[in-house]
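*Asks:*
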Amino acid sequence: MFAIDFLIRRLAQGAIIVVAIALLIFTLLRVVPGDPVRLMLGPMVSPSVAEQTAKDLGLRDPIIVQFGRYMGHVLQGDFGRSFVRSAQGGSTGGSRGESTFDASNRASVIELIVTTLPYSLLLAGLAFLISLAVALPLGVWAGLNAGRWPDRFALYLSSVLVSLPNVWLGLVFIFLLSAKTGWLPAIGYQNWTYAILPALVLAVELIPVIVRSLSVSVSSNLLDPYVSVGQIRGLTRARMIGAHVLRNSSIPLLNLLGIQAVGLILGGLFVIEYVFNYPGIGLLMINAVFQRDFPIIQAIAIFSCVALVLVNILVDFASTTIDRRLQY
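Under the working numbering, the sequence shown has 161 at position 161, and the numbering climbs by one with no breaks.
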């Protein structure tokens, strides 16, 4: 019963957040300077044709009317068609001359996202695996030795890693691990090995956050009275740590992964995929921003917001399952 109430309440709250973010993105795209019709038809198109195309596309309607029409299509699974990408691939911006915009010749936004999403999921998954493989043992080790050299080592290492800009780090990795040694491919994508270098950059950004959260959580749990009480009642220290301390310490880590880590990964994807020319959803978004391709920007913003909302709901639900006190 609690699970049903929880999911209904959080899904309703999440739907409101997604609509609010979609409205904000939609409004900002239409108030910034620049006319997307010029990008669709080219700079040489006559003002009359440009104006007629804008009216045909509904770009001269009030923003709230445009948004209502857009959300109506989204609810039917139609995220529109790209302004500048042709259905055969590549950009068609500026090639239409005096012709008006023909949506049938443009690529479907949802198809573009479905095509690029697996690449980004592979990259994000690798980044999570690498960061958890490094950060979990290091964070637990630091937490179990709070105030001693392992804790200081984890703190200094985290401080160094968090200070490295991901763009600079990406270029350094490309130079050292690809150009100089040839160990790993760097630019583009031909197979999964092309995801390793950008995943390393994302992992370096994520490791310090997990290490500090986990070490603080473990050390604070060790000071709680239930640890001493458990040992007095005959439980060994190893049993207390394995069965209770690590379990309770996982709640802050789950919240961190849901709120901050997923946000870091999503934000990092846009930058890292552009640096490595990696054909994921981040590169699609960056190119769409440069080309003022409204339908792609809006759709990726909505999908990103939905992903964040769903991950946070799952994390909160998992936290309440681990610690029932959070239900009240």
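We put the CB at the ideal spot given by N, CA and C, even for glycine.
1) Excluding the 5 residues flanking S158 on each side, which residues of the same chain have their C-beta closer than 6 Å to its C-beta?
2) Under 8 Å, do N166 and I272 count as touching if we go by C-beta distance?
3) For T181, count the other beta carbons within 10 Å of its own beta carbon; 16 or more makes it buried, fewer makes it exposed. Which is it?
4) Among residues of its own chain, excluding the 5 on either side of Y194, which ones have a beta-carbon nearer than 6 Å to its beta-carbon?
5) Quick check on Y70: buried or exposed, where buried means 16 or more other Cβ atoms within 10 Å of its Cβ?
6) Output needed for I322: all residues of its chain with C-beta closer than 7 Å, excluding positions within five of it in sequence on either side, in chain order.
7) Leaving aside the five residues before and after S82 along the sequence, list all residues of the same chain whose C-beta is less than 7 Å from its C-beta, in chain order.
8) Cutting at 8 Å between CB atoms, please list the residues of its own chain near D151, excluding the five before and the five after it.
9) In this structure, does DSSP put S108 in helix, strand or coil?
10) Roughly how many whole angstroms lie between the Cα atoms of G258 and G14?
11) Are there 16 or more other CB atoms within 10 angstroms of the CB of M40, so buried, or fewer, so exposed?
12) Please report how far the alpha carbon of N277 lies from the alpha carbon of V37, in whole angstroms.
13) From the DSSP output, in three-state form, read off R148 for me.
14) Judging by CA-CA distance, which residue of P198, I4, Q298 and L171 is the nearest neighbour of L126?
15) Look up R237 in the DSSP assignment and give the residues it is bridged to.
16) Let me make sure I understand the geometry here. Which of V74, Q291, S228 and L206 has the alpha-carbon closest to that of L253?
17) Pull the bridge partners of S86 from the DSSP assignment, please.
18) Can Y274 and I286 be called in contact, C-beta distance under 8 Å?
19) Is the distance from the Cβ of L161 to the Cβ of V204 below 8 Å?
20) From which residue to which residue does the alpha helix (DSSP H) around F290 run?
21) Buried or exposed for M44, going by 16 or more other Cβ atoms inside 10 Å?
22) Could you round the C-beta distance between I17 and C305 to whole angstroms and report it? I think they count as a contact, below 8 Å.
23) Could you tell me which residues DSSP puts in a beta bridge with R81?
24) Taking C-alpha atoms, which residue in F175, V201 and H73 lies nearest to G131?
25) State yes or no: is the C-beta of F290 within less than 8 Å of the C-beta of F6?
26) Alpha carbon to alpha carbon, how far is G188 from L138? Give it in angstroms, no decimals.
27) Could you check if R85 is buried or exposed, using at least 16 other CB atoms within 10 Å of its CB as the buried criterion?
28) Report, in whole angstroms, the separation of the C-beta atoms of I8 and Q298, which I expect to be a contact under 8 Å.
29) Can you list, in chain order, the residues of its chain with a C-beta nearer than 8 Å to that of L256? Leave out the 5 residues immediately preceding and following it.
*Replies:* Let me spell this out:
1) P208, V211 and R212
2) yes
3) With fewer than 16 Cβ atoms within 10 Å of its Cβ, T181 is classed as exposed.
4) P185
5) buried
6) R247, S250 and I251
7) Result list for S82: R106, A107, V109, L112, D293, P295 and I296, in chain order.
8) A142, G143, N145, S215 and S219
9) Strand at S108.
10) 14 Å
11) buried
12) 27 Å
13) In the structure shown, R148 falls within a coil segment according to DSSP collapsed to helix, strand and coil.
14) Out of P198, I4, Q298 and L171, P198 has the C-alpha closest to the C-alpha of L126.
15) According to DSSP, which records beta bridges pairwise, R237 is partnered with nothing at all.
16) L206
17) R106
18) Yes, they are a contact pair.
19) Yes, these two residues count as a Cβ contact at 8 Å.
20) I281 to Q291
21) With fewer than 16 neighbouring CB atoms inside 10 Å of its own CB, M44 falls in the exposed class.
22) Indeed they touch by this definition, with Cβ atoms about 7 Å apart.
23) S108
24) Sequence inspection shows Ser at residue 131; the Gly mentioned does not correspond to that position. For S131, the nearest C-alpha among the options comes from V201.
25) no
26) Those two C-alpha atoms are separated by around 32 Å.
27) With 16 or more Cβ atoms within 10 Å of its Cβ, R85 is classed as buried.
28) Contact between I8 and Q298 does not hold, since the beta-carbon distance rounds to 27 Å and is not under 8 Å.
29) So the list reads V209, I210 and S213, once near-sequence residues are dropped.
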